[in-house]
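Data block below; observations after.
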Amino acid sequence: MHTRALRYLLAVPAFGVALLLGGQSTAFAQHLDSQALGDGIELFRIRPNFYVLMGAGANVAIQVGSDGAVVVDTGDAAHADRLVAELKKLTPRPIRYLINTTADADHVGGNEKVAKAGRNLRQLGNPGANVVPAAIAAAEGALLRMSVDKYPESAWPSESFPESMNLYLNDEGIEVLHQPNAHTDADSLVFFRRSDVVMAGDIIDTRRFPMIDVANGGSISGEIAALNRIIGLAISSIPIVSREAGTVIVPGHGRLLDKIDVVEYRDMIVILRDRIEHLIKQGKSLAEVKAANPALDYRTRYGNDKGSWTTDMFVEAVFNSLTADGSKQH
Amino acid sequence: MAFIRILTAVAASFIGILMIVCPALAQFGGAAEPDLSGSWRSPLQEDAGPRTRGPLPADYSGLPLNDAGKALALSTSIARYSAIDRQCAMYPPQYLVLGPFGMKVWADLDPSTGSTIAYHIGAWEDRTEAVIWMDGRPHPSANAPHTRAGFETGQWRGNTLTTHTSHIKMGMIRRNGAQVSDETTLTSHYIRNGNLLTVLVFVEDPVYLSEPLPVSKDFQLNDARTVSGTGPPCSPSYEGTDPNSVAHYLPGTNPLTDELYKTHGVPKEAARGGAETMYPEYRKKLKDAYVRPEKCLSDCGLAERLRELGGPRAFEDH
Ligand SMILES: [Zn+2]
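Going down the list, the sequences are from chains S and E.
Here the first sequence stands for residues 1 to 330, where the numbers follow this note's numbering.
Here the second sequence stands for residues 1001 to 1318, where the numbers follow this note's numbering.
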């Protein structure tokens, strides 16, 4: 065991013990170590220096190493102090970068407090100066939304980009890839190339149909393009198919995934799009499309009759998005 | 009650085996545990056709699909499984009993006590390696990944190893589009009786099934130990599926719903499946609608041919 890995193990005693005891069961590496931290919060260690924290708003990724911590999404505001406390347990080094996959409150709610708990890399040569908070990176659309939604300026992205942004921290390349008009107009995927982990943000929610926020620039075609991009980045365990391995995809909400899970989710979304498009071509109104129950076979698993994102709202978003793009068709 | 009804639906041969189980219990007795390890061949004594060459398209009879499950099955085009991203995806763990192959089983032993930590069921074509944890560990949390083998834990009671499998992926329960969801769990009974092993699996899915689906399969211990413990590699290649679309049938357009009627004269409604089609009483309901074909249309003379060959060919080397 090389010294860096050992240091991580010592920093996180419970995981160290789990890893040493479970060392023989490498075939089941995909049933990754996890720890319940109380209050519904769960911490997964999915790679030696890569963690996912669930239950504090959207799923949060934490990559640690000698450069400090890189954090993808910061959960909701109510859990910000808790997230800072958990981050400090994972690494004694400063939080350097926050990356937001979108501008929703459950993804950026901790931005201000987590950034302030960190220390910007610009201070590397000047440790005595006043502390500059950690950098916050996100797509330009996210900056725009957060300024419109009246977040304090200290929560806004300090580095924004129109298409993509690359970082190389903690010995790995990190690609931040804007996906236009998917869940909203502010989405990015974050691909950790060495860890082989893709943060999908709200392009995937394993608990329900993806929330396509048409009012904020989301669209069904952008959603499908984003799912296809994730599938393109991810690699399954081939040609040795007899073992469980491959790229890990972390959705904005819900359980950890691999490539074939995303293929299954994409196929469902494409099938539902095709059905609704077919009904639109037959001249059906929105009410008639809803009445045709196009999501019959998927609504038990992914639908809701009540709450903030119902099956009807999903069908309506697809309908509106297709008829809006559809000046092309009609 | 539901359990008893299901048992009656399971093949009579299985009931026979259950009866032999009781004397076998006494034989093991004491602290000694039976062992699942070994090379188990598949004699294919039931459903040999569907489990080898495959089922008829759109024949879902005998599957307790609910309305969502029926709709999903009918919308599924098998061409979808030729897509590059799906070719090497493998089948879910219930394929152990739904597929044709044997299995090689070996144990991890605790070096200090000799007790079994886990059994490994080796991979084979379309099926990944599975591990049955015997050390009492809990199942992972709901947020953990779902794998191709799922997470299986077990305990011996007499000569029956009963296991519970969670964290599986959405996948086929019949190779013609009938599927269960990723919320499916399996309760499996590995019933060892000397050199015979019956594996009885109850598939439960709150999403697509209205009742548990029982599936069983017999295995025979193979002294020659020729069953492989690992499957061949898989490299996807273009099989003619358009990479820019997902193959499926729009509601009401599946062109293959007549196959069961055309092949066996069994009415279309039975092919749609549903819990009632699992039970013997369903025959009465079909009696008036069933028209016996004038001549045999499919698998004609198969029973005689199999008898001449000395029974169904075993998948000895798989
Ligand atoms: Zn979210």
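Every residue gets a Cβ at the ideal spot worked out from N, C-alpha and C, and that includes glycine.
In the assembly as shown, E153 of chain S is an exposed residue. Its beta-carbon has fewer than 16 other beta-carbons within 10 Å.
Here Y1095 of chain E has R1127 as same chain residues with Cβ atoms under 6 Å from its own Cβ, once five neighbours each way along the sequence are excluded. The beta carbon of E288 of chain S does not come within 8 Å of any beta carbon belonging to chain E, so the residue lies off that interface. Not a single C-beta of chain E is nearer than 8 Å to the C-beta of T323 of chain S. Contact fails between the stretch 312-324 of chain S and the stretch 1215-1233 of chain E, because fewer than three Cβ pairs, one in each stretch, are under 8 Å apart. Interface annotation, G1273 of chain E: not in contact with chain S, CB-CB separation never under 8 Å. Those residues whose C-beta sits under 6 Å from the nearest heavy atom of ligand 1 are, from N- to C-terminal order along the chain, S:A58, S:D104, S:D106, S:H107, S:D202, S:G252, S:H253. Residue burial is scored here from C-beta neighbours: D1135 of chain E has fewer than 16 other C-beta atoms within 10 angstroms and is therefore classed as exposed.
Excluding the 5 residues flanking it on each side, R1272 of chain E has same chain C-beta neighbours closer than 7 Å at Y1060, K1070, in chain order. For V84 of chain S against A117 of chain S, the beta-carbon gap comes to about 4 Å, under 8 Å, which counts as contact.
By a beta-carbon distance limit of 8 Å, A1142 of chain E contacts R255 of chain S. Their separation comes to about 7 Å. Here the alpha carbon of N130 of chain S sits roughly 9 Å from the alpha carbon of Q123 of chain S. With contacts defined by Cβ atoms closer than 8 Å, V197 of chain S and R47 of chain S form a contacting pair. Between the beta-carbon of D187 of chain S and that of P251 of chain S there is about 13 Å, and that puts the pair past the 8 Å contact cut. Considered as a whole, the stretch 95-139 of chain S harbours 95-99, 135-139 as its complete beta strand (DSSP E) runs of no fewer than 3 residues, in chain order.
Annotated three-state conformation of D202 of chain S is strand, per DSSP.
Listed along chain S are S34, E42, F44, M54, G254, R255, L256, each with a C-beta nearer than 8 Å to that of N1143 of chain E.
In the three-state DSSP reduction, N320 of chain S falls in the helix class (H, G or I). Distances from the CA of P1214 of chain E to each of E:A1224, E:S1082, E:T1185 were compared; the closest alpha carbon is that of E:T1185. Here the alpha carbons of V1105 of chain E and G1038 of chain E stand approximately 5 Å from one another.
Taking a beta-carbon distance threshold of 8 Å, R1174 of chain E does not count as an interface residue toward chain S.
One Cα belongs to A1144 of chain E, the other to P1233 of chain E, and the distance between them is close to 26 Å. With fewer than three CB-CB distances shorter than 8 Å, the stretch 1049-1060 of chain E does not count as touching the stretch 1185-1199 of chain E. The beta carbon of A1275 of chain E sits closer than 6 Å to the beta carbons of P1064, S1210, E1211 from its chain, once the five residues preceding and following it are set aside; these are given in chain order. Identification of chain S residues near P1055 of chain E by a Cβ-Cβ cut-off of 9 Å yields none; the smallest Cβ-Cβ distance measures about 20 Å. The beta carbon of T102 of chain S sits closer than 7 Å to the beta carbons of A142, H183, T184, A186, D187, G201, D202 from its chain, once the five residues preceding and following it are set aside; these are given in chain order.
E1152 of chain E sits close to I1132 of chain E, with the two beta carbons spaced by under 8 Å. Taken through DSSP and simplified to helix, strand or coil, E223 of chain S comes out as helix. DSSP lists E:I1168 as the bridge partner or partners of T1147 of chain E.
The beta carbon of R93 of chain S is closer than 6 Å to those of G68 in its chain, skipping five residues each way along the sequence.
The C-beta distance from P1251 of chain E to S1075 of chain E rounds to 7 Å, short enough to fall under 8 Å. With a 10 Å radius around the Cβ and a threshold of 16 neighbouring Cβ atoms, Q1155 of chain E comes out exposed. Residue contact check for I99 of chain S against chain E: no CB pair falls below 8 Å. Nearest to V248 of chain S by C-alpha distance, out of S:R96, S:W309, S:A225, S:V52, is S:V52. Looking from the CA of T1198 of chain E, the closest CA among E:P1236, E:G1177, E:Q1220, E:A1178 belongs to E:Q1220.
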